[in-house]
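**Q**
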Amino acid sequence: MRLLIASLFIVALAFSPLSTRAETMTPYSGTQSVTTGQPFGAFMENLQAAIKKNKMGIVAQASATKGAASIGKTIAGNHVLMIFRPDFAVRMLDASVAAGIEAPLRLYITEGADGNATLSYRLPSHVFGVYDVPALDTMARELDTITAAIVADAIK
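Heads up, the sequence shown is in my numbering, so the first residue is 1 and it goes up one at a time.
1) I'd like the ranges of any alpha helix (DSSP H) spanning at least 4 consecutive residues and lying wholly in the region 28-98.
2) How many whole angstroms separate the CB atoms of Thr36 and Ile155, which I take to be in contact at a CB cut-off of 8 Å?
3) On a Cα-Cα basis, can you pick out the residue from Ser63, Asn78 and Met56 that is closest to Ala113?
4) According to DSSP, Ser120 sits in a beta bridge with which residue or residues?
5) Taking 7 Å as the threshold (C-beta atoms), are Ala103 and Tyr131 in contact?
6) Quick one, are the C-beta atoms of Phe40 and Ala117 less than 7 Å apart?
7) Alpha carbon to alpha carbon, how far is Leu123 from Ala42?
8) Quick one, which of Ala69, Ser70, Thr65 and Gln61 has its alpha-carbon nearest Phe84's?
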């Protein structure tokens, strides 16, 4: 009887709702999360302008919101802007071809229940720091400064 009760308890735990599990919001070192206080749409516009102002390029984008809409589903704002610049790409690849997988840098914008945007991103110094290449470290520190300026300009 004890074995049966123990087995039922284990099965109940295994099939408990996922909502009872904790989610790690910043699983990687150097992950930054900024509460913008701005509506999602307005922040997206401000962020794109800040990227341009700081002479970075949007090289790709992905939108789970638009993807969901394409199958008739509505979800909160969820967008990734991928940014980089050709001169940084050349420097990165000169220093480490393996580091090429890290570019472009990703800026993840999510819409909260209040309609405001949160920006999450990884510091370039942490993204490229794992390669332990001095030239990459120098470049990454420059990118840290540019990324900080983009964030500051976008949340003004």
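A virtual CB, placed ideally from N, CA and C, is assigned to each residue, including glycine.
**A** Let me lay it out:
1) DSSP runs (the alpha helix (DSSP H)) wholly in the region 28-98: 40-53, 64-69 and 86-95.
2) The residue labelled residue 36 in the question sits at position 36 within the sequence shown. The residue labelled residue 155 in the question sits at position 155 within the sequence shown. That belief holds up - the Cβ atoms of Thr36 and Ile155 are roughly 5 Å apart, short of 8 Å.
3) For the purposes of this step, residue 113 is taken as residue 113 along the sequence shown, with counting starting at 1. It is Asn78 whose Cα lies nearest to the Cα of Ala113.
4) Counting from 1 along the sequence shown, the entry for residue 120 is found at position 120. In the DSSP assignment, the residues bridged to Ser120 are Ser33 and Tyr108.
5) Here residue 131 is taken as the residue at index 131 of the sequence shown, counted from 1. Here residue 103 is taken as the residue at index 103 of the sequence shown, counted from 1. Going by C-beta atoms, Tyr131 is not nearer than 7 Å to Ala103.
6) Along the sequence shown, one-based indexing puts residue 40 at 40. Along the sequence shown, one-based indexing puts residue 117 at 117. Cβ distance < 7 Å, so Phe40 and Ala117 count as in contact.
7) Against the sequence shown, residue 123 aligns to sequence position 123. Against the sequence shown, residue 42 aligns to sequence position 42. If you take the alpha carbons of Leu123 and Ala42, they lie about 24 Å apart.
8) Reading the sequence shown from its first residue, position 84 is the one you call residue 84. The residue with the shortest Cα to Cα distance from Phe84 is Gln61.
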